[in-house]
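There are 4 protein chains.
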Amino acid sequence: MYDIDPSRSEPLFQQIVAAVKRDVATGRLRPGDRLPTVRESALDLVVNPNTIAKAYRVLEAEGVTVSRRGAGTFIAPHRPTTSRRERVRAFREALDEALADAVHRGLTRAEAERAIESALKRFRFGSEEKP
Amino acid sequence: MYDIDPSRSEPLFQQIVAAVKRDVATGRLRPGDRLPTVRESALDLVVNPNTIAKAYRVLEAEGVTVSRRGAGTFIAPHRPTTSRRERVRAFREALDEALADAVHRGLTRAEAERAIESALKRFRFGSEEKP
Amino acid sequence: MYDIDPSRSEPLFQQIVAAVKRDVATGRLRPGDRLPTVRESALDLVVNPNTIAKAYRVLEAEGVTVSRRGAGTFIAPHRPTTSRRERVRAFREALDEALADAVHRGLTRAEAERAIESALKRFRFGSEEKP
Amino acid sequence: MYDIDPSRSEPLFQQIVAAVKRDVATGRLRPGDRLPTVRESALDLVVNPNTIAKAYRVLEAEGVTVSRRGAGTFIAPHRPTTSRRERVRAFREALDEALADAVHRGLTRAEAERAIESALKRFRFGSEEKP
DNA sequence: GTGGTCTAGACCACA
DNA sequence: GTGGTCTAGACCACG
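Sequences listed follow chains A, B, C and D, in order. Here the first sequence is numbered in my numbering, starting from 17 and rising by one per residue. Here the second sequence is numbered in my numbering, starting from 17 and rising by one per residue. Here the third sequence is numbered in my numbering, starting from 17 and rising by one per residue. Here the fourth sequence is numbered in my numbering, starting from 17 and rising by one per residue.
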């Protein structure tokens, strides 16, 4: 399902977490959808079931999923709680780091703008009310 | 100098690396500029000197700085070597993760666009001529 | 009847057990009252009948209910058997955990006292005479 | 250090989490204090180091501690974030369950009041400002 | 059959 | 030496 790469330095469980979050944010996974079971995913991605379980635990802790023993793991309804200030700050930090790296790699402004434009299309942002 | 936060999960040396790279990418640090010595930085940031040394080692390995024995550590001239494909791919990945997180935090499209526009202004991209 | 929340980490059957015990302790349910059948409850609470059955089994094991074959499940007459030492110890432990959590959430002493005062009013304690 | 009981049904890591939270809430542990290392605790409590590590991870996730690789695990500065409504609601629920259990065990009102009064003395509540 | 807990033990990243 | 990651495998609680 996901392309997990053990050779990358990012921990496996974090790669899984990021992949699920991306799919939720783009709408490929929607509230109520069921994730594959821990054992299925473990076979699929060729990692230890504990590693999947850890990823699911983190996702649950972040409010992305809910796990029910005996039933499975499901995408939770959205309920962002961070303040506007905080979410903008966090985004700017991540964006700064991405851009700084890109500049060092020689990305041109045009390339950056194209990539951003295309990325913005793929994500499903929350409704535009301004709290 | 930099605001390093030991309580964040990102390793200290990486926070330092990212901060220097950001300053180079925005132009606050320019080729030829000298970085503080390891000891100065260690006192400044209240961090173990080994941690600073590791950050400087990584920066040099990435080609961001050059250290001249007995003279200090300096910002290197830009010389991006990655292929266009590679640099775009890396940027898209980082951007995807930043956006996915932001969406989960409830960022609206308008907020994202404003943050991006402002960030694009702050970074000094390479010249558009040489692909 | 009860507000059972499958997304909470507490097992469903325990939520049901706790709800019944609370109702008995507050007097909403009294000795001799009949509980809904397993099937009724299962439909009502949208829960697997096995889960209800397990809750009833636990309640009976704890002496809160008695089930009479063919007739149903009834609230049992009170007949606490634990020693004073034991019942106080158990209460103190639960109270400690509740208070520790509350303090971490930032509850003030005044808020705690008000909540306690109100709670004490709602519960029907045993007669003070028989130690 | 703590009295952990493997025979209780509560998971070991949760018992450890509760014990640390109680010590923080009573003031036995204060912000900045260092917890025993994972390995020390594991030897001390005769449990697997992974179990301690999990407890520490949960404590960090709840904001009770901060862990720094290479340095240790420390009590974090208090920064309760829950709203007044939420913290009172959570406390009332826990209190209700504790009282319901106690009533079933035959606790008298006098016993309850004495236990409560004594418990209230041991915990360090936040400052009394009303936000 | 689902997720959760725990153990044992190896290896790694960080300070 | 610190905490973190991952594997392997047993056992349990829940629905």
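C-beta: ideal position from N, C-alpha, C; glycine also.
| Query | Result |
| --- | --- |
| Inter-residue CB distance, B/P96 and A/R121 (contact presumed, cutoff 8 Å) | 6 Å |
| Contact check, A/L115 vs B/A118, beta carbons under 7 Å | no |
| N-terminal and C-terminal residue of the beta strand (DSSP E) that A/T89 is part of | G88 to I91 |
| Contact set between the segment 96-110 of chain D and chain C, restricted to residues whose Cβ is under 7 Å from the partner | P96, T98, R103, V104, A106, F107, R108 and A110 |
| Nearest-angstrom Cα separation, counted from C/A34 out to C/P147 | At C/P147 the pLDDT is 48, less than 50, meaning the model places this residue with poor confidence; the figure from the coordinates comes in the next sentence. Answer to the nearest angstrom: the Cα atoms are 26 Å apart. |
| DSSP-derived helix/strand/coil call for C/V63 | coil |
| Between the CA atoms of B/E109 and D/F141 - distance to the nearest angstrom | 46 Å |
| CB contact below 7 Å: B/D21 versus chain D | no |
| CB of A/I91 within 7 Å of CB of A/L45, strictly | yes |
| Where the beta strand (DSSP E) through C/S143 begins and ends | Run containing C/S143: none; DSSP gives neither H nor E here. |
| Residues that D/R125 contacts on chain C, provided the C-beta gap is smaller than 9 Å | L136, F139, F141, G142 and E144 |
| Minimum Cβ-Cβ distance from B/I132 to chain A less than 7 Å | yes |
| Residue(s) in a DSSP beta bridge with C/L51 | C/T89 |
| As assigned by DSSP and simplified to three states, the class of B/R151 | The requested residue 151 of chain B is not part of the displayed model; chain B covers only 17 to 147. |
| Option nearest A/Q30 by Cα separation, candidates A/Y72, A/V54, A/K137 and A/R105 | A/Y72 |
| Within chain B, the residues that A/V80 reaches when beta carbons sit closer than 8 Å | H120 |
| Cutoff 6 Å; reference D/D39; Cβ partners in own chain excluding five residues on either side | L45 |
| Contact with chain C by D/E26, beta-carbon distance below 7 Å | no |
| D/T89 vs D/L28 beta-carbon contact at 7 Å | no |
| Terminal residues of the beta strand (DSSP E) in which A/R84 lies | T81 to R84 |
| Residues bridged to C/T124 (per DSSP) | D/G142 |
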